[in-house]
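Residue numbers (this note's numbering): 1 to 179.
Backbone N, C-alpha and C fix where the C-beta goes; we use that ideal spot for every residue, glycine too.
For clarity, every value in this text was computed on a predicted model and none was experimentally measured.
Take a look at the structure below.
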């Protein structure tokens with residue numbers, strides 16, 4: 001598959017089939033994330049995988065209640081992944097300090113996009129969530145207060161091919177300027 005075709009295929013999926021995702025398939029997606037580049041090779045991520053209906057339900061209930069309920073559809077996914085953002089190494093942290101940028105958040109986003117593209121190639125869909133109740137997720141997963149959750153992802157098979165509307169993107173002319 002051509003890379004741009006793969007990118008076109010990747011979609012933020014909000015409806016899922018109840019078909020379970022095999023651990024080998026999840027691991028293939030996580031392997032793509034593991035291979036992602038990161039500032040100074042810091043690899044500041046840990047992926048916590050919920051792949052049983054009971055764990056997905058309890059995690060989604062914690063993460064997507066109240067003001068976060070717009071993402072409650074994630075409870076219907078067969079897999080929910082909580083992504084912990086770890087501290088970057090010294091060089092990346094210092095560079096980020098002087099630039100006013102948290103490279104670790106960018107690194108996690110790149111890793112999650114690698115995961116999403118691998119999932120798309122395997123016929124699965126994902127959706128990334130930054131809008132979540134972080135404190136409730138930490139309680140649900142018995143994580144320390146110092147843990148940082150910037151992102152969660154749902155993963156699963158689409159219910160059918162027709163559930164994905166056409167992508168709406170700006171044209172190349174709208175986003176490109178040659179200097």
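query, result
"Burial state of residue 133, where buried means 16 or more other Cβ atoms lie within 10 Å", "buried"
"Residue 33 to residue 99 span [Cα, whole Å]", "25 Å"
"Classification of residue 41 by the beta-carbon crowding that lies within 10 angstroms, buried from 16 upward", "exposed"
"CA-to-CA distance, residue 125 to residue 155, given in whole angstroms", "6 Å"
"DSSP three-state assignment for residue 106, whether helix, strand or coil", "helix"
"Residue 129, DSSP secondary structure in three states", "strand"
"Which residues DSSP lists as bridging residue 152, in chain order", "82 and 129"
"CA nearest to the CA of residue 162, picked from 140, 16 and 116", "16"
"Integer-rounded CB distance, given that residue 80 should sit under 8 Å from residue 60", "6 Å"
"Extent of the continuous beta strand (DSSP E) run through residue 19", "No beta strand (DSSP E) contains residue 19, which DSSP labels as neither H nor E."
"Distance CB(residue 103)-CB(residue 50) smaller than 9 Å", "no"
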